[in-house]
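Trainee:
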Amino acid sequence: MNSFILQAQDAINRRSFLSSTSSVLGLTALNSLLAPQLLHGAVPTPNLPSFPQLPIKAKRVIYLFQSGAPSQMDLFDPKPQMQKLFGKDLPDSIRQGQRLTGMTSGQKSFPVAPSIFKFAEHGQSRATISELMPHLSTIADELCFIKSMRTDAINHDPAITFFQTGRQIPGYPSMGSWLSYGLGSENKDLPAFVVLSSFGSGRRDDQPLYDRLWGSGFLPSQYQGVKFRNTGDPVLYLSNPNGMSAATRRQSLDDLNALNHQRFGAIGDPEIQARIAQYEMAFRMQTSVPELTDFSKEPQHIIDMYGPDVKRPGSYAANCLLARRLAERDVRFVQLFHMGWDHHSGLPKAIRGQCADTDQPTTALIKDLKQRGLLDDTLIVWGGEFGRTIYSQGALTQDNYGRDHHPRCFTIFLAGGGIKPGMSIGVTDDFSYNILQDPVSIFDLHATMLNRMGIDHNRMTFKFQGLDAKLTGVEKATAVKSIML
Amino acid sequence: MRISFTLLLSIFAVPSLIAAPQEKVGFNRDIRPILSENCYYCHGPDEKHREEDLRLDIREEAIKAGAITPGNPEKSELIERIFTDDEEEIMPQPKTHKVLTAVQKDLLKRWIAEGAEYEPHWAFAVPKHPATPPVKSKAAAFGNGIDAFILQKLETENVSLSAPADPHTLIRRVTLDLTGLPPSPADVNVFVNACRNADGSGYTISKAAYEALVDRLLASPTYGENMARQWLDYARYADSHGFQTDSSRTMWPWRDWVIRAFNENKPFDQFTIEQLAGDLLPNPTNAQIVATGFHRNHRINGEGGLITEEWRIENIIDRVDTTGSTWLGLTLGCARCHDHKYDPISQKEFYQMFSFFNNIAETGVAVGALNRSGGNLDPMIRVGTEEQVTQAKELQGRIDKINATLKESEKKIAAAQSVWEKSKLSHDQTPADIKKIITSGGKRSKEQKALVDKYYRSVVDQSTKQIMAELDQLQKQLMALDKITPLTMVMKELPTPRKAFILKRGQYTDPGEEVTANTPAVLPPLPAGEPHNRLTLAKWIVSPTNPLTARVWVNRQWEHFFGYGIVKTSENFGMQSEPPTHPELLDWLATEFVSSGWDMKAMMKRMVMSATYRQASLIKTMPKVLLEKDPYNRLLARAPRLRLPAEAIRDQALSISGLLDQRIGGPSARPYMPKGVWDETSVYGDLRNYQADTNGGLYRRSLYTIWKRTAAPPTMLIFDSAAREICTVKRSSTNTPLQALALLNEVTFVEAARVLAQRMMLEGGSDPAQRIAWAFRQATQREATDEEKSLLQKSFEKSLTTYRAAPAEATKLVAAGNSPIAKVDPIELAAYTVTANVILNLDEVITRD
């Protein structure tokens, strides 16, 4: 390579990768050609000139999204007072004109359905956890509950989109995209943003997922999440074609690189060198991904921790173990989705199944990270897209009820990554219908997560449609100080 | 590990774009971008958010408030506040995280010293037709007006255009740009030969040959397909409704209308009017009504429990946003919840625009069975010949009549059926499945009930037997007709317009003041005396006095050919847009476009005929100082190198290998897709259990690939396609390892390599050297260098050795894909397949130089 071209690279690099995007991203990693790990999703943002802006408490996130919306009053927000109101109509003073979905707005009555599950206090923090989560109860003191989450959406699609992107409408980047855009990758063999999904014992149509939930919106598409698949190649097109060995692939890549390099010599476009580097990373992924997804070297006691389901690829348990392995490899953002929490009817049976699927693996993941010293800088978030109603959707009997969507309050929990363990914030009314204390919006949650990653949410922006667009939107967002270490 | 990185300055500081020290400061070029970016958020058009009652976007207001004293920066508070060290006083306030550079502060000071003159925002003023500037350079041999503007600017930097691209590069470039497909080797030969110097000393591009080539490409039906690809992104076109269930819809007749319109070169004003308001034209043709499908392409929600009005309103807001982005380059959506922060568009004006689209005879939601099993929503139109349409109407009428008759005697039939069911004797002839349902006695499901009822009425009951047979026949006929003459969604105005209101905070639950349809005051008014409806709006959008439409369109075509628009922010021409690098050129193109009668093909031709377009894209010969000064190549001292769009990458592989199925239009195709892409995240709707086509459908152009919005075709998304959930007017262009994996391993590309390898053996000559050279020409349209040839030949020989040692592996590799395997030695074929796979992965192949 002649020396002139080396010098020219600096200038040209300014437009590499991001050349046709709508932003004012006039920068990139100048060393990128020498440091392939910077090529994939590793371009720092101009609005993070002094990153970290805040002390880094978490280096990575594992988001355990419970898709469909788990019932807060059957899991974490006990309302024993409701027992004596069994079957009584929800008072108007509580409903306060709250809009209802079309599934229950036509109901003649809104009968209170007390949870049939028993609650107990656990750990020194005396966290209230229902009998549905016996494993989680053993690590209550690691967890930080927010019982006062709220959202504006009452249908699944907009609500889950809101959680993932900060907007109810499509077109905006997901959390993981923002973070890989802002912070880049720390692993040169794996993507910075990985998505895992699972179905459990629940109805498989509760609820679907959408590409946009890990999409990059208006950010360049290299920041979109890489969804690991449960059938076939874990990453699309990872395997060489049938009949092509790794050795043949290596040889053909060497030849391809040599040809591309000659072309670079003739043209002088560093984009060609960037492409060579991408092919090399692709080749490394062909080794690193199968190695990542191969659990055969996990000792039996670890396998046992996650439970029997861990052997079924694409189960929540397998994904939790995979999440730990991704965290060990410094993958920035692991977005896990577990479907099946949308319990409009037959809730008691269905929620038992969901909890059986998830309770032990969630607990195992947190314990496993802890015993490896990874929990301190891994931020765990568990929760769904909204809550559920205290009143029954459909018929209420002594041992059966359903619950409709409820946006005004629900419970999530966090752990690790600079979050205070063994605490709870937020208080809801007797019906778990309205927040009485410490409301936390989705924007506040996002601001808190970014804060723990060392980012001031007001300063991670991207020019879009003339605006400095942020994950946390235009309304005021505040990181929740009281839960931060 | 800490990431080490170096930060560069914002591109607002591209040196060649700012006033030189001796030059007069220009408001539009130099000052507005600074004020808009740093000040207007609090001191701009949004009244509710304005601080200290100061607005800086209107000169008189800024002077009255003392912020600006023209000619006297020392007496201007604005200057004082931006230069102060006092943290309490300094502007912009530190909490905004906005910092003015020394250059920007100096510009503001000079501007006030020079009189603080404002200019109307360039994009809101009607473009004037500038004269083409005189140029000294002779570089623009057989160029056109475009080159005069480009050279004028280049000459101020003491540089000129690069040498013309060689004919191989040029024919590949122009063919891919205009049709999305590579040129055929025969076309390359003809063109290259026409450009060969008589003395054999190389090439000179022949104007006649090049112009003939361009004309032929513009006349090719593949041109319309390529233009449609871009338009489908704007129109958020898809084969599914989006949202939770994401079931199917039929909008391909609209897509085919778009392809046809581009190929017929329908003038852009007519193209616009028909899509926005074809239904309101006097005596509209069927095709003009189909065109209005543009604004039925948005997503439609059908989630259980949704509130209808919320989603009808969301759809209309989508239409306003899409209209603004597609035609006007405005971010109207920013004024949904409050007045626009930067542009003079109030929230009220947003809902006035909303009102134009509020009167469609639609529910706005797909509920119940429709949500689950797919299908279109009213209003719809049948696409077919007049005869077919009449026939369908007639069939439907007869079906309705029979159903009505059956309903009338429903009770009587049910009673008789009940008697029949109870009499065991009569069941001897009854088929087992029916018998089982009847005798099981339990509660019947809907399907079971339908099955038994149908059997009884069409077989047992003599009074209904005949009409049931007739009904069956009619339904079959209608279904057959549906297949060839589908229904497609269109616009249809309600007889009485719905009322429209300002929605406070953009919420459907919170209507405020009532509004009527109108356009924003900052733009020219609607013509007096015309009704304020969609048709008038459409005509207004393409009226010659609309300052935006023509500029927006020519700028996007410019972006298509040159990598960046003349206005880089091709999605936004508002205050926050980047000023044009060549404002006179933009206005010249826009006014030429309008005066040509909005002739799209003529404008495309003008751009590709320019010397600017035809120059080489070599970077290594660029002067270093120019690369530093113009890193983004905005001055165009060379042609850009652009990675091909997602669709073109796949289409090209099909074309080079000879697999491409060139049929135009029709229902969407189902090419290969990895197992589970649709089903792993959803078991809703009717778009499940993907089955790839088994014939030509595997090899259709990518714009025909079935598009399920929530799980779009992976190889398209990997190469930066839009997701088609909302209007997208600009894609990113990235370079990632997933792209490498797709090109190396996805079955389409592996099959393309294998079929290309077959052709190497059958058509490419008799020895490896000839065959490799042949394949290289097929893929790149040029002769490989000796070095390249030798490298590829060695590569081939290594593969051949490998496969000789492992013949079973060879058989597996050549089995890729569904197309027949040629009767050649599979070992050799496998080795050539590896070579072809390398060739199809070359950077040069997926890039247009």
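Protein chains in written order, with this note's numbering: chain W, 1 to 485; chain Y, 1 to 849. Note that the Cβ used here is the ideal one computed from N, Cα and C, for glycine as well.
#1: With a threshold of 8 Å between beta carbons, is residue 123/Y in contact with chain W?
#2: Secondary structure at residue 175/W, three-state DSSP: helix, strand or coil?
#3: Can you give me the Cβ contacts of residue 249/W inside the same chain, cut-off strictly under 8 Å, excluding the 5 residues immediately before and after it?
#4: Assuming residue 761/Y and residue 774/Y form a contact by the criterion Cβ under 8 Å, report the distance between their Cβ atoms to the nearest whole angstrom.
#5: Compare the C-alpha of residue 586/Y against each of 615/Y, 619/Y and 549/Y and name the closest.
#6: For the candidate residues 832/Y, 265/Y and 382/Y, whose alpha-carbon lies nearest to that of residue 286/Y?
#7: Should residue 723/Y be flagged as near chain W, meaning a C-beta pair shorter than 8 Å?
#8: Write down every uninterrupted run of the alpha helix (DSSP H) in the region 691 to 741 of chain Y whose length is 4 residues or greater and which is fully enclosed by it, in chain order.
#9: What three-state label does DSSP hand residue 837/Y in the structure shown?
#10: Does the Cβ-Cβ distance between residue 277/Y and residue 54/Y come in under 8 Å?
#11: For residue 119/Y and residue 126/Y, I'd like the C-alpha separation in whole angstroms.
#12: Looking at C-beta atoms only, is the number of pairs between the region 394 to 414 of chain W and the region 106 to 116 of chain W that lie closer than 8 Å three or more?
#13: Does the region 100 to 111 of chain W come within contact of the region 140 to 150 of chain W, defined as at least 3 CB pairs closer than 8 Å?
#14: Name the chain W residues that come within less than 9 Å of residue 97/Y, Cβ to Cβ?
#15: Please compile the residues from chain Y whose C-beta is within a distance smaller than 9 Å of the C-beta of residue 175/W.
#16: Use the C-beta contact count for residue 231/Y: other C-beta atoms within 10 angstroms, 16 or more gives buried, fewer gives exposed.
#17: Which word fits residue 86/W, buried or exposed, when buried means at least 16 other C-beta atoms lie within 10 angstroms of its C-beta?
#18: State the Cα-Cα distance for the pair residue 837/Y and residue 777/Y, rounded to the nearest angstrom.
#19: Based on the DSSP secondary-structure assignment, which residues constitute the bridge partners of residue 423/W?
#20: Taking only beta carbons into account, state which residues of the region 266 to 288 of chain W come closer than 9 Å to chain Y, listed in chain order.
#21: Measure the Cβ-Cβ separation of residue 726/Y and residue 346/W and say whether it is below 8 Å.
#22: Can you find a CB in chain Y that lies within less than 8 Å of the CB of residue 200/W?
#23: With DSSP run on the structure shown, which of helix, strand or coil describes residue 454/Y?
#24: List the DSSP bridge partners of residue 197/W.
#25: Excluding the 5 residues flanking residue 172/Y on each side, which residues of the same chain have their C-beta closer than 7 Å to its C-beta?
#26: With a threshold of 16 other CB atoms inside 10 Å of the CB of residue 479/Y, please say whether the residue is buried or exposed.
#27: Which word fits residue 49/Y, buried or exposed, when buried means at least 16 other C-beta atoms lie within 10 angstroms of its C-beta?
#28: Can you pull the chain W neighbours of residue 812/Y, defined as C-beta to C-beta under 9 Å?
#29: Based on Cα-Cα distance, which residue from 754/Y, 582/Y, 730/Y and 468/Y lies nearest to residue 150/Y?
#30: Who are residue 40/Y's beta bridge partners in DSSP?
#31: Can you tell me the Cα-Cα spacing of residue 251/Y and residue 370/Y, whole angstroms?
#32: Beta carbons nearer than 9 Å to chain Y: which residues of the region 223 to 240 of chain W have them?
#33: Note down, in chain order, every chain Y residue with its Cβ under 7 Å from the Cβ of residue 358/W.
#34: Using a Cβ-Cβ cutoff of 9 Å, what residues of the region 819 to 831 of chain Y are near chain W? List them in chain order.
#35: Kindly give me the distance between the Cβ atoms of residue 686/Y and residue 373/Y, rounded to whole angstroms, as I take these residues to be in contact under 8 Å.
#36: Just reading off the beta strand (DSSP E) that residue 130/W is part of, what are its end residues?
Mentor: With the given structure in hand:
#1: no
#2: helix
#3: 240, 283 and 286
#4: Rounded, the Cβ-Cβ distance is 10 Å, inconsistent with contact.
#5: 549/Y
#6: 382/Y
#7: yes
#8: 714 to 718
#9: helix
#10: no
#11: 13 Å
#12: yes
#13: no
#14: 47, 456, 458, 459, 461 and 468
#15: Near residue 175/W there are no residues of chain Y at all, since even the closest Cβ is about 17 Å away, more than 9 Å.
#16: buried
#17: exposed
#18: 14 Å
#19: 144/W
#20: 266, 267, 268, 269, 270, 271, 272, 274, 275, 276, 277, 278, 279, 280, 281, 282, 283, 284, 285 and 286
#21: no
#22: no
#23: helix
#24: 337/W
#25: 182, 183, 781 and 848
#26: exposed
#27: exposed
#28: 241, 242, 243 and 244
#29: 582/Y
#30: According to DSSP, residue 40/Y bridges with nothing at all.
#31: 15 Å
#32: 223, 224, 226, 227, 229, 230, 231, 232, 233, 235, 236, 237, 238, 239 and 240
#33: Within chain Y, no residue comes near residue 358/W; the closest Cβ sits about 18 Å away, beyond 7 Å.
#34: 830
#35: 5 Å
#36: 127 to 130
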